[in-house]
Amino acid sequence: MTISLLTVITALGWVGAVAVVLAYGMVSKGRWTADSLPFQLSNFAGAAVMLVIAITNGIWPSALSNVAAVIIGAAAMRTMARARRAERAAAAQLAAVQATGEPHAVAVVDGSADPTAGALVTETSADAASVSDVAELPRQERVDLAA
């Protein structure tokens, strides 16, 4: 028995469709969140496979919508990767500040164009002054998540 190229293409299309529907179902049931890696990977992979199938079959409206889904998924995963790196950097910075034993307030800045955006994370000493706004902190005591 030989398997035709059309059969392989059809099977891949079904795999992509199942991946996208699975992701939608898991988010709808509350098992995944829209910003979870499994959701983003399922949507990205499903859309990528369905994109190839749509292009192969000349189904241009479907291809265009899957191009958009692939771009959105890639951007979301890039944002997630940057946030994960920033969290690790912030944790390392916090550990370094805490290791000195000096009274410091540590804030996390969200990396936006506004250098004062963010929130106070911790104070390493009871002697540290209470800071209600990140803008009150000296620049060297800020952890920028965009870095």
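According to my numbering, the sequence shown is numbered sequentially starting from 382. Glycine included, every Cβ here is placed at the ideal spot set by N, Cα and C.
Rounded to the nearest whole angstrom, the CA to CA distance from residue 429 to residue 481 is 49 Å. Around the CB of residue 451, 16 or more other CB atoms lie within 10 Å, so the residue is classed as buried.
Following the DSSP letters along the chain, one finds residue 423 inside the alpha helix (DSSP H) bounded by residues 418-438. By the Cβ criterion, the region 463-472 is not in contact with the region 430-439, since fewer than three pairs of Cβ atoms, one from each stretch, lie closer than 8 Å. With a cutoff of 8 Å on beta-carbon distance, residue 425 and residue 458 are scored as near each other. By the neighbour-count criterion, in which a residue is buried when 16 or more other Cβ atoms sit within 10 angstroms of its Cβ, residue 423 is buried.
In this structure, DSSP gives residue 414 a state outside helix and strand, which the three-state scheme calls coil.
Of the other Cβ atoms in all chains shown, fewer than 16 fall within 10 Å of the Cβ of residue 402; this residue is therefore exposed. In chain order, 408 place their CB closer than 7 Å to the CB of residue 415, counting only its own chain and leaving out the 5 sequence neighbours on each side.
The beta carbon of residue 432 is closer than 7 Å to those of 444, 447, 448, 451 in its chain, skipping five residues each way along the sequence. Per DSSP, residue 388 is one residue of the alpha helix (DSSP H) stretching across 386-409.
Taking C-beta atoms as the reference points, residue 398 and residue 420 fail to come closer than 8 Å.
In this structure, DSSP gives residue 461 a helical state, which the three-state scheme calls helix.
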